[in-house]
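S.K.: One structure follows; several queries about it will come next.
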Amino acid sequence: MTETHRGTCFCGTVEFEVSGRPEAMGYCHCGSCRAWSAAPVNAFTLWKPGQVRVVRGADAIGHVQKSPNSDRQFCTACGGHLMTAHPQWGLIDVFAAMLPDLRFVPGVHVNYAETVLPIDDGLPKLRDFPAELGGSGQVMVA
244 MTETHRGTCF CGTVEFEVSG RPEAMGYCHC GSCRAWSAAP VNAFTLWKPG QVRVVRGADA
304 IGHVQKSPNS DRQFCTACGG HLMTAHPQWG LIDVFAAMLP DLRFVPGVHV NYAETVLPID
364 DGLPKLRDFP AELGGSGQVM VA
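Numbering (our numbering), first residue to last: 244 to 385.
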């Protein structure tokens with residue numbers, strides 16, 4: 244049986260679900276994620292597009308695309324952030340906070356060279372992205 248997790252925007256206008264298991268979970272420290280999330284770090288869960296489905300409110304999803312790599316999506320009714328599509332990787336980042344019943348098990352920190360909140364948790368801290376996603380794959384701190 245496939246696991247399914249549901250989430251909504253802040254006001255509940257947009258409802259979505261993810262099914263199966265995420266490809267990866269971790270923390271992003273890049274300036275764009277920090278600015279978008281209004282937090283010193285963003286907790287991510289990465290899914291293949293076929294695993295993410297908008298159940299209600301698709302017409303209320305707005306988009307901000309600062310770069311071709313990140314199509315950030317939000318609810319136009321409340322402004323609540325939902326997810327970010329990363330077409331170059333074939334993945335969608337559904338922010339961990341949007342999936343309240345998903346057990347978040349982070350495996351990595353990405354873009355740690357940009358961190359403003361050092362975290363000592365024993366996870367690998369990559370300078371940018373894993374090599375298989377076009378980054379250097381360089382580990383800064385284990």
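We put the CB at the ideal spot given by N, CA and C, even for glycine. In this text the structure is predicted, and so the values were computed from the model without any measurement.
Indicate whether the contact test is met: 3 or more Cβ pairs, each with one atom in the stretch 345–360 and one in the stretch 314–331, closer than 8 Å.
M.R.: Taking 8 Å as the limit for Cβ pairs, the verdict is that the stretch 314–331 does not touch the stretch 345–360.
S.K.: Give a yes or no on whether the C-beta atoms belonging to GLY263 and GLN294 are separated by under 8 Å.
M.R.: A contact, by the Cβ cut-off of 8 Å.
S.K.: Is the beta carbon of LYS291 less than 8 Å from the beta carbon of GLU260?
M.R.: Taking 8 Å as the Cβ cut-off, LYS291 and GLU260 do not qualify as a contacting pair.
S.K.: Alpha carbons only, please: which of ALA281, LEU376, ARG370 and GLU375 is nearest the one belonging to SER383?
M.R.: This sequence places Met at residue 383; Ser is not what is there. Ranking the options by Cα distance to MET383, first place goes to ARG370.
S.K.: Which word fits LYS368, buried or exposed, when buried means at least 16 other C-beta atoms lie within 10 angstroms of its C-beta?
M.R.: LYS368 should be labelled buried.
S.K.: Any idea if GLY300 is buried or exposed, counting beta-carbon neighbours within 10 angstroms, 16 or more meaning buried?
M.R.: That one is buried.
S.K.: Is GLY250 near VAL337, with beta carbons less than 8 Å apart?
M.R.: Yes, they are a contact pair.
S.K.: Tell me whether CYS321 sits in a helix, a strand or coil according to DSSP, three-state version.
M.R.: Here CYS321 sits in coil by DSSP.
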